[in-house]
Each structure stands twice: as C-alpha cells, then as structure tokens.
Amino acid sequence: MKFGIHLSTFTNEWDEDIFRYIRKVKEYGYDGVEFPLMDPDSFKVDKAKKLLKEYSLECTCGTGMNPQRDISAEDSIINKNGINHLKKCLDICNELETDCLGGVLYAPWGTCMSRETGKDNIKRSIENLSKIGEYAKEKGVVLALEMINRYETYVINSVQDGLAFIDKVGNDNVKLHFDTFHANIEEKSIKNALIEGGKDIYHIHFCENDRGAPGTGQINWQQVKEGLEAIEYDRWITLENFVMPNCGVGNDVFIWRDIDESGLAVAEKGIKFMKELFKRA
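UniProt numbering applies: residue 1 is where the sequence shown begins, and numbers increase by one.
The structure is reproduced here in structure tokens:
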C-alpha cells in the first residue's frame, strides 16, 4: 500500500504552481503525489519527472470532463475534444510511469439531470470509454472512474452504479475510483461498498465527511480499513482534501467556511492519520 496526496489539496487556484509543494510532500512522509491534469497541453512533464526523481516519489494522475470536452456529449466536436483530452492524459501517465488515471472521466463534473433524460449521454460515454480503454491498455494505464455524489453527477454515484457501468463498458482497463467523501453520502455502508467493489476498485481517495483531514470528522475509519483489508487492497490511498474558502478551488467545490487551517496542515495531519490507521511506521 502506498500513501499519496492530490496536489490540489494545497492550492487556492486550479492553475497555481503545484510543483512547489512536492518537497513538502516528501518531508511529510508520503510515497507520492497525484497530479491534476487540468490542462495536459500545458503540463510540464519533464519538470514533473525531474522532481519525482529528485525526491524519490511516485505518482498517479487525475482529470475530468467539462462542457467543452465531454465524451458523453452529442456535439461531435465536444465529444472528440473529450476523447483527445483523455488520450493526452494517458500519454502523460505513460511518460510518468504511472498505471492510473482517476477522476470523473465519464461526463462533466457538476452536470446533473435525471438518468432517463441523460440516457443517451450515458450510452455515448460507455461506448467511448470502451474504445479509450484499448488506448489505455497500449499505454499501460487503467482508467479509474470516480464515483461521486448525487449533487455533482447523475451518472455514477455508488459502487453498485459503478459496477453496472463498467460492466457495460466491458474493458479490463476501465475500473473504479472510490472516494470516502462521496461514499459517506451515497453508500449505506462504506465497508460493504468496498467489499462489493472488490478487485474492480483500482484507486482510493481519503477525505473526511466535511472535505477535511481524515480522522477529524464522522466517517468510521475502522470500517474503511476493514473493507480495504477484506478486498486485500494494496494500491494507492491518496489524500484529497479541500479546506479553504474564498478562492477559486474552494468556490468550485463549495467550501464556504474554513474547514482547516490550510492545505499544508491537512497534509501533515492526513499522513500521520493514515500511517497510524494502517500501523505503518
């Protein structure tokens, strides 16, 4: 098992320099980072590789769709933009030698409608992911689809939703990304949801019920641990917290009050908590 941190945890704005936090990540004792590939065309791959090597860290990557790049869209240009975006992200994953691209890869984040209304969008998303999964296989990367809560997507909210979705995709390089913040809203039991997901769960985000550091809120982390142990999960557990209001990142993820002192504070608390939870020195 490896402990990582999503670099957007530290930032106030999405386009902020994320590389300046990598030294701190190493100092805190993480095994690696998760790079948010918001704009793969401007992502500095060589700099990322250099810093990972310098600090002996590994990485995963994450991204998502938006209204201008959307593999579920009916508009052929927007649809193609989404496909090309995912392929560019997979190319970067390959260059960084990571086997995981996680996130909301199936539809724009924050778009909600009934599933009946959006059934054609869902169908297009499934068809495209089946094809992109083949490209991911060529690059040695798995697409991990993040299941997020009902207020942020209509497509995949629970492990049950996710399993049904990837069954229709029918590609071994398309699996699931489990986030405890979202699961705390949508699952009746996080432990049972993890067990249900089993080997199809390929990536994990740790986040408290209020988006803060794990261990500071209401989530039953012992049950999370038991669920992960039951499925013999041995991949990345990545901290992803958003705690600062009155900034671009905070506004976009609905942080209206101070959840914690800073991203640096939750990063330090988070790694201590994860290591203690799993009894790792």
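The beta carbon of each residue, even a glycine, is placed where N, CA and C say it ideally should be.
Pick from the options: whose alpha carbon is nearest that of residue i?
i      : options                        : result
Lys49  : Ile22, Ala107, Leu143, Ala267  : Ile22
Cys207 : Pro245, Phe178, Asp167         : Phe178
Tyr151 : Thr9, Asp210, Gly110           : Gly110
Ser42  : Glu232, Trp14, Leu52           : Trp14
Asn184 : Asp167, Tyr202, Gly217         : Gly217
Glu240 : Leu228, Glu95, Ala213          : Ala213
Thr238 : Phe10, Gly32, Glu16            : Gly32
Glu268 : Pro108, Asn81, Thr9            : Thr9
Gln160 : Leu105, Met147, Asp172         : Met147
Cys112 : Ile77, Cys100, Asn66, Asp91    : Asn66
Gly227 : Thr180, Asn209, Phe254, Glu261 : Thr180
Pro108 : Asp91, Leu264, Asn79, Lys44    : Asn79
Asn246 : Ser262, Tyr233, Arg115         : Ser262
Count the other C-beta atoms from every protein chain shown that fall within 10 angstroms of the C-beta of residue i, then say buried if there are 16 or more, exposed otherwise.
i      : result
Cys89  : buried
Arg20  : exposed
Asp258 : exposed
Gly102 : buried
Met1   : exposed
By the DSSP assignment, the beta strand (DSSP E) with residue i in it spans what residues?
i           : result
Phe178      : 174-179
residue 324 : The structure shown does not extend to residue 324, since the chain is modelled only from 1 to 281, so the question has no answer here.
By Cβ distance below 6 Å, which residues in the same chain neighbour residue i in space, the five residues on each side in sequence not counted?
i      : result
Glu34  : Gly4, His6, Thr60, Gly62, Thr238
Asn171 : Ser130, Gly133
Val174 : Leu129, Gly133, Leu143, Ile166
Within the same chain, show all residues whose beta-carbon is closer than 7 Å to that of residue i, passing over the 5 residues directly before and after it, in chain order.
i      : result
Trp221 : Pro214, Gly215, Leu277
Val169 : Ile126, Leu129, Ser130, Gly133
From which residue to which residue does the alpha helix (DSSP H) around residue i run?
i      : result
Trp221 : 221-230
Cys93  : 76-96
Met274 : 263-277
CB-CB under 8 Å to residue i, same chain, minus the five flanking residues each way: which ones, in chain order?
i     : result
Lys87 : Ile132, Tyr135
Exercise. Do the segment 180-196 and the segment 123-139 touch if we need at least three Cβ pairs shorter than 8 Å?
Worked result: no
Exercise. Counting Cβ pairs closer than 8 Å, one from the segment 113-123 and one from the segment 64-76, do we hit at least three?
Worked result: yes
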